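As they're listed, the protein sequences go chains Z and C.
Mapping of the first sequence onto our numbering: position 73 corresponds to residue 297, and the numbering continues sequentially without gaps.
Mapping of the second sequence onto our numbering: position 317 corresponds to residue 541, and the numbering continues sequentially without gaps.
We put the CB at the ideal spot given by N, CA and C, even for glycine.
The structure displayed is predicted, hence computed values, not measured ones.
2 protein chains.
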Amino acid sequence: MNLDKSSTLALDVHGGDHGPKVTVPAAVDALAESPGLRIILVGRPDEIEPLLAGVDAGLRDRLVIEATSEVITSDARPRAILRAGPEFSLYRALQLVHEGRAQSCVSAGNTVALMALGVKLLGVLPGVSRPALMSQFPNAAGTVGMLDLGANLNVDARQLAQFAFMGAEVRRAAHPERPASVGLLNVGHEDGKGHAVVREAHELLKASDLDYRGFIEGHDIFEGTVDLAVCDGFAGNLVLKSSEGLAAMLFGEFRKTLESTWRSRLGALLAKPALKAMVERLDPAKHNGAPLLGLNGVLVKSHGRSGRLATTQAILEAGQEAQHHVPDRIEAVIKKHERETAS
Amino acid sequence: MNLDKSSTLALDVHGGDHGPKVTVPAAVDALAESPGLRIILVGRPDEIEPLLAGVDAGLRDRLVIEATSEVITSDARPRAILRAGPEFSLYRALQLVHEGRAQSCVSAGNTVALMALGVKLLGVLPGVSRPALMSQFPNAAGTVGMLDLGANLNVDARQLAQFAFMGAEVRRAAHPERPASVGLLNVGHEDGKGHAVVREAHELLKASDLDYRGFIEGHDIFEGTVDLAVCDGFAGNLVLKSSEGLAAMLFGEFRKTLESTWRSRLGALLAKPALKAMVERLDPAKHNGAPLLGLNGVLVKSHGRSGRLATTQAILEAGQEAQHHVPDRIEAVIKKHERETAS
């Protein structure tokens, strides 16, 4: 696989809850980690420039500011989003990818805006029925990829199968040593379980050349049964957000418990180095960066609440996908599967 | 509300992974906790009787064995389930409820079998479109009820609204001090989010007299935003099982981490009393017992992997629902809402 050694990324500095004060330092961190990367900071220069004051000259040279004045808010309605023009940071960032001035784009803006403007400005790859949002979760085996996470609420069997092809290709680009094992989320493991759409997608995937392991259940996501879990965007979004909520609750309870008595406080002090390593391993920030697959360009969504570490992670993820030519690979794999289905 | 002081429960001793060696001692524990309860142990006498050898005579008097010879296995196909007769423990247990010899039934058998035989032997309450499976999860506010958890993979708006009416009534029976607050699970909080079915159900619930709080997202389940979370059975089942898997993974990681170094082992020893209290509070076994709502009789599903404590909990839950006349209450509340919709 031909890897580009350098690529340029367009960063929407205003998306998300924290804006430039988090996204700009995160961009600097990403440059330090990824020597071939250049970043175009898209947003309001008066908010960006003060944040670049103390930055090392070698890193500063790999940063350019692209001035825009407007921001798409997180609660913007679809109609307002579609009226947005190049004065909006997300719009302009995507336009830079379309113009070839950047090879990837990162934004923590709202998913509807990313999807709508991604489709409008980058376009959908030939043969792709519907773009999908993918993410990675830490699990017992390391990480598991999952899609769709909310871009598509109603899907048909062919679309579910395409999600599997696209997601498996992303996993393979990152882990070329072996094909990704794929499972289709359902309410039971046995053939014949579930509604008509998953049963039909099951047959399409069985007939494909994917390393398809059949139906999986919710618990399989975290048990490490497969590398990639596929479902519709409604169920996927509920699983994603309920998992975030549950993990936050359990970590919160654990923290409260360790602070509740003098014995437990002392115990926590002793266990701290070990606990810290665990929390770091499972930290969702380390797995931030959800690509919108099926677009003619790399577009990665960063979580709205992302801090500096999480934002850096999303930038590095997007940079890698551009280096691996993920859109070209997806185009090829979809073309191949569509040909097989037609024949 | 008129509460029965005594009731009889039919227990399918063979359902689930462990069978009589867990369900029979659990039944004895439930009798000790609930003085008004009597239990009919439905199953193979040669497997049940040895387990009753040392049981206190006062408790033994409140136990009866109903002899059956056959067991519906956890992987039984729907066709085989519907051919089952009174020689099967689950079938006979449900028949006892239908005959009025018991007021409730507990089984850890597979959900499809409980649903199919529950509908066949108990019948569906008038006005109820589809029975639904409900459960309780521990969360930041105490517990949250959730349905449907897999009985209905495709639902329409009216069915989702009925799930809300039924689930709210169960919460109210257990917590009569205030009406249950209800949320409809969706991919966003705002009006207009989600697919047509949830948007239509949202309007039905807004027009109802429920304490309806609108759309909620996955994380709200664990943040304690509402008392009851409503969704279709496909998404609900994925959320339920992924949450089980995530919780098991996180507790496993905590345990491994605390055992990893001598410092953390010492720390864990000191923190043990506090950690034990936390684990007990969040223990899913304490919240075992998922009623199938909408049937003309109380039928509670126990988790297939339930141990003794969890099984006791499911029995107590079923006993309480019988004492609270939950089926009568659901019939009344559905009748009222159907009348309102028609007028």
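Taking every protein chain shown into account, the CB of D456 of chain Z has 16 or more other CB atoms within 10 angstroms, so this residue is buried. One alpha carbon belongs to V406 of chain C, the other to P350 of chain C, and they sit about 23 Å apart. Under the Cβ distance rule, K465 of chain C counts among the residues neighbouring chain Z, one pair being separated by less than 8 Å.
Under DSSP, F361 of chain Z takes part in a beta bridge, and its partners are Z:V368.
Here V411 of chain C carries a coil assignment [DSSP, helix/strand/coil].
Beta-carbon to beta-carbon, L517 of chain Z and M358 of chain Z are separated by about 6 Å, close enough to satisfy the 8 Å threshold. Positions of the alpha helix (DSSP H) runs, each at least 4 residues long and wholly inside the segment 443 to 488 of chain C, are given as 457 to 482 in order along the chain. Its chain contains A425, L428, L429, S432, H561 as the residues whose beta carbon lies nearer than 8 Å to that of A385 of chain C, once the 5 sequence neighbours on both sides are disregarded; these appear in chain order.
Excluding five sequence positions before and after E257 of chain C, the CB atoms of its chain that fall closer than 8 Å to its own CB belong to T536, L540, given in chain order.
No Cβ-Cβ contact shorter than 8 Å links N520 of chain C with H419 of chain Z. In the three-state DSSP reduction, I296 of chain C falls in the coil class, being neither helix nor strand.
An exposed status is given to A281 of chain Z, since fewer than 16 other beta-carbon atoms sit within 10 Å of its beta-carbon.
In the DSSP annotation of this structure, the continuous segment of the alpha helix (DSSP H) that includes V421 of chain C starts and ends at 420 to 430.
At a cut-off of 8 Å between beta carbons, T481 of chain Z contacts chain C. V266 of chain Z is positioned such that its CB atom lies no closer than 8 Å to that of V248 of chain Z.
At a cut-off of 8 Å, the C-beta of R487 of chain Z has a neighbouring C-beta in chain C. According to DSSP, L517 of chain Z shares a beta bridge with Z:A356. Contact holds between the segment 483 to 503 of chain Z and the segment 490 to 510 of chain C, because three or more Cβ pairs, one in each stretch, are under 8 Å apart.
Under the DSSP definition of a beta bridge, D236 of chain C partners with C:V266.
In this structure the segment 389 to 407 of chain C does not lie against the segment 458 to 472 of chain C, because fewer than three pairs of beta carbons, one per stretch, are closer than 8 Å. A453 of chain Z sits buried, since 16 or more C-beta atoms from the chains shown fall within 10 Å of its C-beta. Secondary structure of E290 of chain C (DSSP, three-state): strand.
At a cut-off of 8 Å between beta carbons, P497 of chain C contacts chain Z.
The beta carbons of G448 of chain C and A332 of chain C sit no closer together than 8 Å. Per the coordinates, the alpha-carbon of P400 of chain C lies some 35 Å from the alpha-carbon of E290 of chain C.
Within its own chain, the residues whose Cβ lies closer than 7 Å to the Cβ of A326 of chain C, once the five positions on either side in sequence are excluded, are T232, L233, A234, I264, L320, listed in chain order.
Burial state of S293 of chain Z is exposed, judged by a 10 Å Cβ sphere holding fewer than 16 other Cβ atoms. Across the structure, K245 of chain C and A251 of chain C are spaced so that their CA atoms are roughly 11 Å apart.
Excluding five sequence positions before and after T335 of chain Z, the CB atoms of its chain that fall closer than 8 Å to its own CB belong to L357, G374, A375, K525, given in chain order.
Closer than 8 Å to the CB of M390 of chain C there is not a single CB belonging to chain Z.
For K525 of chain Z, the beta-bridge partners assigned by DSSP are Z:S331, Z:A514.
At a cut-off of 8 Å between C-beta atoms, G342 of chain Z does not count as an interface residue with respect to chain C. For N363 of chain Z, the C-beta contacts it makes with chain C under 9 Å involve G469, L470, M473, in order along the chain.
Annotation: the continuous alpha helix (DSSP H) that includes F387 of chain C extends over 381 to 398. Distance from the Cα of N410 of chain Z is smallest, within the candidate group Z:L345, Z:F387, Z:E441, Z:M390, for Z:E441. Annotation: the continuous alpha helix (DSSP H) that includes R316 of chain C extends over 313 to 322.
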